[in-house]
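**Q** Protein chains in written order, with the working numbering: chain Y, 37 to 207; chain E, 294 to 445. Structure below; questions to follow.
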Amino acid sequence: MLDPVDRRILVASQDGLPLRVEPFAELARALGLPQAELLNRPRRLRERGVIRRIAAVPNHYRLGFLANAMTVWDVDDREVSRLGPEVGALPFVSHCYRRPRRPPDWPYNLFAMVHGRSRAETEGRRAEIAALLGSACRASDVLYSTRILKKSGLRLAPEPPAPSETSACSA
Amino acid sequence: MRNGHLDPIDRAIVAALQRGVPIVERPFAELAASLETTEEAIVARLARLIHTGAVGRFAPMLDAEKLGGAVILCAMAVPAERFEDVAARLAAMPEVAHNYERAHRFNMWFVLAVERPELIPATIARIEAETGLEVVDLPKLEEYRLELVLPV
Chain Y
37 MLDPVDRRIL
47 VASQDGLPLR
57 VEPFAELARA
67 LGLPQAELLN
77 RPRRLRERGV
87 IRRIAAVPNH
97 YRLGFLANAM
107 TVWDVDDREV
117 SRLGPEVGAL
127 PFVSHCYRRP
137 RRPPDWPYNL
147 FAMVHGRSRA
157 ETEGRRAEIA
167 ALLGSACRAS
177 DVLYSTRILK
187 KSGLRLAPEP
197 PAPSETSACS
207 A
Chain E
294 MRNGHLDPID
304 RAIVAALQRG
314 VPIVERPFAE
324 LAASLETTEE
334 AIVARLARLI
344 HTGAVGRFAP
354 MLDAEKLGGA
364 VILCAMAVPA
374 ERFEDVAARL
384 AAMPEVAHNY
394 ERAHRFNMWF
404 VLAVERPELI
414 PATIARIEAE
424 TGLEVVDLPK
434 LEEYRLELVL
444 PV
């Protein structure tokens, strides 16, 4: 859980840190907090893993990655936990998860995001995954992203969400 | 220079900043030294990269699960004539962290990220009620890789 000061800091920075040489000092001034708090609290949140990192979020398309695909695979349940980490270790795979199948519409249980500069490059990479999976894979598909509709990440509310039973009368 | 064009220094900045900065008073100092430029120049370029859309934002990347919350991938098959309306509804919902159009019968893929796990079924139920469409929920069962860094 976040204490109220941590929440204030994250709410104030989640759309972007001040674009300054000393962004944390600037944020401390804006929030009326001691400068040391604006270093110590984010550091503690990073140690806890709440903050993964403080970073720029690139737009794949604008960086020349024009063929961004979710590749999906129907992999033998007895093999998927062994093969998943091997797929995840491929340098061109950015995310890789096992997820439930939803038959009959969705038979795939392994998801690997692949980014390429062209469809030809991405298809070549998809073929590498297929070769790695071999006969453990029964079927596969590829879903190219055609538009980013939203990319905001987790949004923190200024106040913590109330437990659902009492949300209407938390005041 | 075209407004949106990335020169090699821009690329080096994006490559470094997507990996993250140290939490110190002057987080751009090391990068400025390694690129033989100034912190002011890094900040000015970062501001331009954000302005032109090459970088979405420069901010803390949060882990919803470590906060006690939850994340889930969902898919919907949205009829073409309703696609923009449904996309706008989801864009307006703070629980929707990402949403992508994909070339497939399941043409809308979105991620819900919430501070309390019980908000996931409630949010899915609300989306289904508001759109009249079925949401296919695909929670992660195992994570084999989460590496958001691209070779720029």
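Where a beta carbon is used, it is the ideal one built from N, C-alpha and C, also for glycine. Please read all numbers here as calculations on a predicted model, not as lab measurements.
I'd like to confirm the pairing. Which residues does DSSP put opposite residue 94/Y in its beta bridges?
**A** Your numbering for residue 94/Y matches position 58 in the first sequence. Its beta-bridge partners are 348/E.
**Q** Counting contacts by CB-CB distance shorter than 8 Å, is residue 168/Y in contact with chain E?
**A** The residue given as residue 168/Y occupies position 132 in the first sequence. No, residue 168/Y does not count as interfacial toward chain E.
**Q** Starting from the beta carbon of residue 58/Y, find every residue of chain E whose beta carbon is closer than 8 Å, and list them in chain order.
**A** Mapped onto the first sequence, residue 58/Y falls at position 22. Ordered by position in chain E, the residues that pass the 8 Å Cβ test against residue 58/Y are 318 and 319.
**Q** Whose Cβ in chain Y lies nearer than 8 Å to the Cβ of residue 307/E?
**A** Position 14 of the second sequence holds residue 307/E. Under the 8 Å cutoff, chain Y gives 92, 94 and 99.
**Q** For the beta strand (DSSP E) holding residue 366/E, just list the boundary residues, first then last.
**A** Translated into positions along the second sequence, residue 366/E becomes position 73. Here the beta strand (DSSP E) through residue 366/E covers 363-369.
**Q** On the CB-based measure, 16 or more other CB atoms within 10 Å of its CB, does residue 37/Y come out buried or exposed?
**A** By one-based count along the first sequence, residue 37/Y stands at place 1. Exposed is the call here.
**Q** Find out if the Cβ-Cβ distance for the pair residue 119/Y, residue 108/Y is shorter than 8 Å.
**A** Position 83 of the first sequence holds residue 119/Y. Position 72 of the first sequence holds residue 108/Y. Cβ distance not < 8 Å, so residue 119/Y and residue 108/Y don't count as in contact.
**Q** Taking contact to mean at least 3 C-beta pairs separated by less than 8 Å, is the stretch 139-153 of chain Y in contact with the stretch 122-131 of chain Y?
**A** Taking 8 Å as the limit for Cβ pairs, the verdict is that the stretch 122-131 of chain Y does touch the stretch 139-153 of chain Y.
**Q** Kindly indicate if chain Y contains any beta-carbon less than 8 Å away from that of residue 481/E.
**A** Residue numbering for chain E in the displayed model covers 294 to 445; residue 481/E lies beyond these limits and cannot be assessed.
**Q** Consider the Cβ of residue 182/Y: report whether some Cβ of chain E lies at a distance smaller than 8 Å.
**A** To locate residue 182/Y, count along the first sequence from 1; it is residue 146. Yes - at least one Cβ of chain E is within 8 Å of the one on residue 182/Y.
**Q** Does any C-beta atom of chain Y lie closer than 8 Å to the C-beta of residue 349/E?
**A** Within the second sequence, numbered from 1, the residue matching residue 349/E stands at position 56. So, interface residue.
**Q** Taking only the alpha-carbon atoms, compute the straight-line gap between residue 192/Y and residue 375/E and give it to the nearest angstrom.
**A** Locating residue 192/Y in the first sequence gives position 156, counting from the first residue. Locating residue 375/E in the second sequence gives position 82, counting from the first residue. One C-alpha to the other measures close to 29 Å.
**Q** Going along chain Y in order, which residues have a C-beta closer than 8 Å to the C-beta of residue 354/E?
**A** Working through the second sequence from its first residue, we reach residue 354/E at position 61. In chain order: 87, 88, 89, 90, 91, 93 and 189.
**Q** Anything in chain Y within Cβ reach of residue 336/E, meaning under 8 Å, just list it in chain order.
**A** Translated into positions along the second sequence, residue 336/E becomes position 43. Neighbours of residue 336/E on chain Y, chain order: 55, 56 and 57.
**Q** Can you check DSSP and say which residues form a bridge with residue 436/E?
**A** By 1-based counting over the second sequence, the position of residue 436/E is 143. In DSSP, residue 436/E forms a bridge with 133/Y.
**Q** So, with DSSP's three-state summary, where would you put residue 331/E?
**A** Residue 331/E sits at position 38 when you count from the first residue of the second sequence. DSSP places residue 331/E in coil when its eight states are reduced to three.
**Q** Examine the Cβ distances between the stretch 331-339 of chain E and the stretch 49-58 of chain Y and report whether three or more of them are shorter than 8 Å.
**A** Touching, per the Cβ criterion.
**Q** Round the Cβ separation of residue 115/Y and residue 168/Y to the nearest angstrom and send it over; I've been treating them as touching at under 8 Å.
**A** For the purposes of this step, residue 115/Y is identified with residue 79 of the first sequence, where counting begins at 1. For the purposes of this step, residue 168/Y is identified with residue 132 of the first sequence, where counting begins at 1. At roughly 11 Å, the Cβ-Cβ gap does not stay under 8 Å, so residue 115/Y and residue 168/Y are not in contact.
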